[in-house]
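In the working numbering, the protein residues as written are 1 to 157.
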């Protein structure tokens with residue numbers, strides 16, 4: 001008996017009627033050993049400002065909430081507005097950092113993004129629809145991109 005070929009992610013046709021068009025990023029030496037996340041870069045200041053702007057939608061909101069609480073609040077609001085249930089806040093390597101030379105960037109903080117999916121097969125298959133993504137993009141007012149996961153894949157390639 002021959003092993004059946006493993007199904008591959010649809011690289012040549014990366015969109016189905018129910019999913020956004022999104023080609024997978026190429027594996028390079030710069031991102032070797034790391035997953036990639038697709039999303040919008042955000043800062044702590046952006047999260048705080050988003051919560052302030054939407055404070056009328058947040059029961060018992062106080063501007064002095066801890067930043068972790070504000071991140072959770074922003075995620076909940078954005079999940080409702082965009083209907084993207086898998087939206088997540090994730091640490092990524094700063095732009096221009098080479099995953100193979102992390103020692104040179106030891107003192108730099110991670111950046112954060114609002115991620116809609118990543119390169120893991122299950123996440124990629126469950127990426128949002130184009131209309132959901134368009135709604136989130138209009139809220140964010142920015143372009144999304146692929147970012148390198150801040151954490152290395154144990155035993156990764």
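All C-beta atoms, glycine included, are put in the ideal place defined by N, C-alpha and C. In this text the structure is predicted, and so the values were computed from the model without any measurement.
Whole-number beta carbon distance between residue j and residue i, since they are thought to touch under 8 angstroms
i          : j           : result
residue 92 : residue 152 : Wrong, their Cβ atoms sit about 13 angstroms apart, outside the cutoff.
residue 89 : residue 112 : 6 angstroms
residue 34 : residue 120 : Actually they do not touch by this definition, with Cβ atoms about 12 angstroms apart.
Beta-ladder partner(s) of residue i, from DSSP
i           : result
residue 144 : None, per the DSSP bridge assignment.
residue 113 : 41, 90
residue 152 : 34
residue 118 : 37
Cut-off 7 angstroms between Cβ atoms - residues of its own chain near residue i, not counting five sequence neighbours on either side
i           : result
residue 85  : 79
residue 128 : 20, 84, 116
residue 70  : 47, 48, 51
Proximal residues to residue i (C-beta, below 8 angstroms), its chain only, five neighbours per side dropped
i          : result
residue 56 : none
Rounded separation between residue i and residue j - CA only
i           : j           : result
residue 41  : residue 81  : 18 angstroms
residue 44  : residue 18  : 32 angstroms
residue 137 : residue 131 : 10 angstroms
residue 38  : residue 27  : 14 angstroms
Of the residues the options, the one placed nearest residue i, counting alpha carbons only
i           : options       : result
residue 150 : 66, 125, 118  : 118
residue 76  : 110, 114, 94  : 114
residue 74  : 126, 139, 145 : 139
Own chain partners of residue i with C-beta closer than 6 angstroms, once the 5 adjacent residues on each side are dropped
i           : result
residue 133 : 20
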